[in-house]
Structures are given as C-alpha cells and as structure tokens.
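In my numbering, the protein residues as written are 114 to 583.
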Ligand SMILES: [Zn+2]
C-alpha cells in the first residue's frame, strides 16, 4: 500500500468529513480509537444475482475503505451475508429446493461479481445463520425489559418504547401512526403500533428442507432481518463503532430498527450513518439494446471492462442518484484506455519518484470533503494531462506528477493495465479491426474480432475504437 508520502503537514489538519444521515449534516468522522476505523456495511441477502444497486453499495464503501487505508488508518470492515430471510424461503418453496442450495450458490455468485469489480474482501463476513443463538438471547432481553412483546405470529419490537425512534427516518412515532400505516396493522393483528417490527417470526409448520426454523423459548421460528445486523455488528465491532453504512433504501426501516434494538438495550450503536444514492434507470435515454436491459452486475461486467462501473461511480457523488447509460459507460471505457496508456508510458518513471505533494494534498482535501470523488477524479485526469505535457516537454516534474497519478488511481482501486501486456500482434489486429470498421467492411471486422477472441482477448468496440483486455 502506498503511504501518504509528502503530505505530512496537510495530514495533521485534514480529517474525513462525511454527511451523517442522523444529524443531516456533514461532520467529522470521529474515531472511537485513534488510528482505527470500525465500519459495518449491510451485505447482501443471498437469494438472487447482484444487481447494479448492490454493486454501487459495495463499490462506494470499497473506495472509502481504500482511501482510509491510504491515509494510514487501520480499517475493520464487517459486512454480513443475510442467509435467513423471507425472500430466500419464498424462492426455496417456489422452486422446491433446499434453502441452503440457494444461499450457497447465490453467495458464490456474489463473490464472483465482487472479485470481478475488485471489491476488497471485508475483514469479516458474518452469516446470519451463525448468530441465531445470540439473536434469541437479545430478543429475550428485549422482552424482559418490556421493549418487545409476543403475538400470535411472532415477537415484535415496540417502537414507542424507544425514546428517539425515528432519528434516521426524520419522522416521529406519532407521525408514523397517522402516516397511513393501516396496511401494516392489518398485516399483523397483534401489533400495538404500525411501525412495530418483527424480531422473531413463528414457523407455521414443522421445519422442511425449504422452510427452516430454529428453536426459541417462544416457539420455533426464524429471526427478523433487523435483528440479524444489530447482533452481528455489536458482536464483532462492539458498542459505539464508528460508521454504519449501506444504500439509501436501508436508512428506514432497516437501519432505524437495528438502532432501536441497541438503544432499547442501553447500548451505544453506530456513531455515524452513511448512505449512498440509488442507481436509477435511464428512462428516455437512447441506449444500446444490450445495455438497456442490464440490471444484473455480472451482465454489465461481461459486456464491458469491469473497471468501467467503478469509474462511472467515481465520477458521481456517492449521495447523488446515478444513471447508467451507454454514454457514461462508453466515456468510462475511453477514460480507462487513456489511463492505461498513461500507466504504460510512465510505469518505470513513476516507480522511482516521490509523488507530487501538492497533488496528493489536493486529493486528500477533495476526499475529506464528504468523499468528493468527482473532484478527486477530475484531479487525477488533470494530473495525467500535466504529466503527459511535462514528459513531452522533457520537464523534470513529470516523474513526480506521474507518481501522484499512480497513487490516486491505486487508491481508487483502479488497477491500470500496462500496454506491454498486450502483444504487438494483438495490437495490430485491433488496429486492423478499427480500419475495417471505418471502411464499413464489417465481415473483415467480425473475422478479426473472432481471431482476437480465440487468442483469449476480450474485445470491446465503442465509437472511440477497439480496446483489448484479458
Ligand atoms: Zn443490515
């Protein structure tokens, strides 16, 4: 890992500031223990393939983690696997399969996709199934302290028993009652308040291969999703951990309800709440048929350079909604080709140089300002442009600038290819392919594409030309 070379003076006065959903303000990420950051990221429910939203909700925090590590902090990132949940059981029953068959296979697909987008594996990946005893114990404590109650179909949390319930929703418990919660009241006859949520759901029959249940003092059943994360986060990270994060859709009710259980037990929960924006579909955009249908992350990374999605996300602020369009994916592929060419040109030059301190200081300032990756990415491209110009002019500052650009790219988690990995023969075929396309000789272009693919290359052709990768 690259250190924060040459910015010691700046380092002492820059601290990461992040928007905190609870206070609705950008504030300093205070650390419970100096030098260490504890983060809980809600992981996937493993019942289907990862979609683009899942990809964003991991890549945003992967970039955050890499940045924090680059600043010299020791990051512990806990991200769970939800392997007990209604959607898993619904699918198992519908397909008449053992539920573990679904969770095991879907988890394998999850990691395949995450590895492909270069997501650094979390420090810990607890599974809900490993924590059922602890969940039963916690629910028992909530009942004993009269924060939870037993009904015909399960054990429920009383939200009115938690003083500041609604902190993340920015809504009072009374407003939730008048806010049209009637539908939920109908759903569970014994609920005292529409926002009361299930901690333990009773089994409706004996356990089967598709419909699992676990014993509890109140009857066999399974834990509610909100009880899973609060138990795993507190068990692994302890009280008052630094940062709890996830997609905007988890803010309420999931995160509110995790927090309510901890608060009810008198435990300090997360100190800071971070939520990323949605991936929205690009309605009205003219898009290629192939990309227009892509919502599965694996499909996107099969069609395009897997780094392209990370690049699109870097160019968007994490709190803003992001559209995935043909234009921004093409733009990202082109930008990566430029960075690859730059990396190839400067690999040796940058290796022996101290990175430009001014550039790295600006990088830190942008990232410390609520993770302003669009600004930091613009800085990367500007530094590449300056380094290339300095090289062309034979200026001595080219090595320092190149080294700074390499540091930023690596901190972003962008692994740059060096052109020497692509042999001359393949490059010549790619050039011939572009020439054939320009001449509208599509038969020759197709034959050249097949030849390159047979040699093991993934061939991507955009309107800016052909690029190759293994
Ligand atoms: Zn969670």
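The beta carbon of each residue, even a glycine, is placed where N, CA and C say it ideally should be.
Residue i to residue j, Cα distance in whole Å?
i: residue 379; j: residue 520; result: 44 Å
i: residue 185; j: residue 524; result: 12 Å
i: residue 358; j: residue 129; result: 15 Å
i: residue 303; j: residue 229; result: 46 Å
i: residue 572; j: residue 578; result: 10 Å
i: residue 275; j: residue 257; result: 15 Å
i: residue 156; j: residue 177; result: 16 Å
i: residue 457; j: residue 484; result: 28 Å
i: residue 415; j: residue 546; result: 21 Å
i: residue 143; j: residue 151; result: 11 Å
i: residue 328; j: residue 460; result: 59 Å
i: residue 139; j: residue 481; result: 11 Å
i: residue 452; j: residue 253; result: 56 Å
i: residue 308; j: residue 369; result: 11 Å
i: residue 280; j: residue 251; result: 22 Å
i: residue 183; j: residue 289; result: 43 Å
i: residue 549; j: residue 438; result: 27 Å
i: residue 313; j: residue 473; result: 50 Å
i: residue 557; j: residue 212; result: 50 Å
i: residue 543; j: residue 418; result: 16 Å
i: residue 267; j: residue 249; result: 12 Å
i: residue 350; j: residue 538; result: 53 Å
i: residue 167; j: residue 356; result: 19 Å
i: residue 464; j: residue 530; result: 15 Å
i: residue 315; j: residue 217; result: 24 Å
i: residue 373; j: residue 278; result: 6 Å
i: residue 515; j: residue 466; result: 8 Å
i: residue 553; j: residue 559; result: 11 Å
i: residue 409; j: residue 223; result: 11 Å
i: residue 233; j: residue 441; result: 24 Å
i: residue 430; j: residue 285; result: 29 Å
i: residue 187; j: residue 371; result: 25 Å
i: residue 333; j: residue 319; result: 9 Å
i: residue 470; j: residue 569; result: 40 Å
If residue i sits next to residue j, beta carbons under 8 Å apart, how far is it from one beta carbon to the other, in whole angstroms?
i: residue 240; j: residue 196; result: 5 Å
i: residue 376; j: residue 337; result: Actually they are not in contact, since the Cβ atoms of residue 376 and residue 337 sit about 17 Å apart, beyond 8 Å.
i: residue 132; j: residue 364; result: At roughly 12 Å, the Cβ-Cβ gap does not stay under 8 Å, so residue 132 and residue 364 are not in contact.
i: residue 220; j: residue 201; result: Not a contact, Cβ separation roughly 11 Å.
i: residue 145; j: residue 353; result: 5 Å
i: residue 238; j: residue 189; result: The pair is not a contact, with the Cβ atoms about 12 Å apart (cut-off 8 Å).
i: residue 446; j: residue 169; result: Actually they are not in contact, since the Cβ atoms of residue 446 and residue 169 sit about 18 Å apart, beyond 8 Å.
i: residue 198; j: residue 158; result: 5 Å
i: residue 563; j: residue 346; result: Rounded, the Cβ-Cβ distance is 51 Å, inconsistent with contact.
i: residue 496; j: residue 517; result: 6 Å
Residue j and residue i - do their beta-carbons sit closer together than 8 Å?
i: residue 160; j: residue 210; result: no
i: residue 449; j: residue 489; result: no
i: residue 526; j: residue 175; result: yes
i: residue 565; j: residue 581; result: yes
i: residue 487; j: residue 428; result: yes
i: residue 522; j: residue 511; result: no
i: residue 344; j: residue 244; result: yes
i: residue 386; j: residue 135; result: yes
i: residue 479; j: residue 492; result: yes
i: residue 388; j: residue 360; result: yes
i: residue 306; j: residue 341; result: no
i: residue 443; j: residue 575; result: yes
i: residue 426; j: residue 263; result: no
i: residue 335; j: residue 323; result: no
i: residue 227; j: residue 171; result: yes
i: residue 162; j: residue 411; result: yes
i: residue 247; j: residue 348; result: yes
i: residue 383; j: residue 180; result: no
i: residue 507; j: residue 435; result: no
i: residue 271; j: residue 282; result: no
Is residue i near ligand 1, with its Cβ less than 7 Å from a heavy atom?
i: residue 358; result: no
i: residue 247; result: no
i: residue 369; result: no
i: residue 155; result: yes
i: residue 219; result: no
Is the Cβ of residue i closer than 8 Å to any Cβ of chain C?
i: residue 415; result: You won't find chain C in this structure, because it holds only one protein chain.
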